[in-house]
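A short write-up of the structure that comes next.
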């Protein structure tokens, strides 16, 4: 049985200063990852209403 990756890369920009959007394939929650030099951080991506951006989960079987 093939194991599905938990996070999917949705968007990526930059090479030294990197900004990426990752989607949790189990919950649909989107996260923003930011890396500059040797420092980085991740946080949930929020919409205009302040709630997390959630993509539809098509098939969450692992």
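In this note's numbering, the protein residues as written are -13 to 48.
Cβ atoms here follow ideal geometry from the backbone N, Cα and C, with glycine treated the same way.
Status (buried if at least 16 other CB within 10 Å, exposed otherwise) for residue i
i: residue 16; result: buried
Beta-carbon proximity check, residue i vs residue j, cutoff 8 angstroms
i: residue 41; j: residue -9; result: no
i: residue 7; j: residue 22; result: no
i: residue 43; j: residue 31; result: no
Euclidean distance between Cα positions of residue i and residue j
i: residue -6; j: residue 12; result: 10 angstroms
i: residue 20; j: residue -11; result: 27 angstroms
i: residue 48; j: residue 14; result: Residue confidence for residue 48 is low, a pLDDT of 49 falling below 50, so the modelled location carries little weight; the figure read from the coordinates is stated next. Their backbone Cα atoms lie some 14 angstroms apart in a straight line.
i: residue 27; j: residue 1; result: 16 angstroms
i: residue 24; j: residue 34; result: 30 angstroms
i: residue -2; j: residue 5; result: 6 angstroms
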